[in-house]
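Residue numbers (the numbering used here): 18 to 151. Note that CB positions come from ideal geometry on N, CA and C, so glycine has one too. For reference, the structure discussed in these notes is given below.
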C-alpha cells in the first residue's frame, strides 16, 4: 500500500493542471474522490463474486484499481488535449477568406429560408381566408 502512495504522490506531483496550487488541490480532490468511488465499487463487486477475500486483499485490490483507473484517465485526458490541439491547429491553418465566405453563405441561406418560410405561411394564411370567405 505504501508503494502505491509513493508512486501516486510522485505521479500527481508531476502534473500541474492550472498552475495554481490551491486550484490544483481542489481539482485533484474531486478527481481522487470520483476515482476512489469507482475503485471502491469495483472492489465490492470483486468481493461479491468471490474473486478476492480478506481485508489485505481488498486493500491491495482497491489501491491497484485506483492507480489503473487514475493513470488510464490521465492518459485519456492527455490524448484528448493532443487531439484538440491538433484540431485547433488545423482550424487555424484555414485561410480567412474561407471563414468569411462560409459566414456570408450561412447568413444568406438563413435569410433565404426565413423569407421562404414567411412567404409560405402568408400564402397558407391567404388561402385559408379565401376558403373561409367562399
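- With a cut-off of 8 Å on Cβ pairs, the segment 104-122 is not in contact with the segment 80-94, counting fewer than three such pairs.
- DSSP places residue 101 inside the alpha helix (DSSP H), whose first and last residues are 72-110.
- Only buried fits residue 79, as 16 or more other CB atoms lie within 10 angstroms of its CB.
- Three or more beta-carbon pairs drawn from the segment 69-79 and the segment 52-61 are found closer than 8 Å, and the two stretches are therefore classed as touching.
- When DSSP states are grouped into helix, strand and coil, residue 51 belongs to the helix group.
- About 14 Å separates the beta carbons of residue 55 and residue 91, which is beyond the 8 Å limit, so they are not a contact pair.
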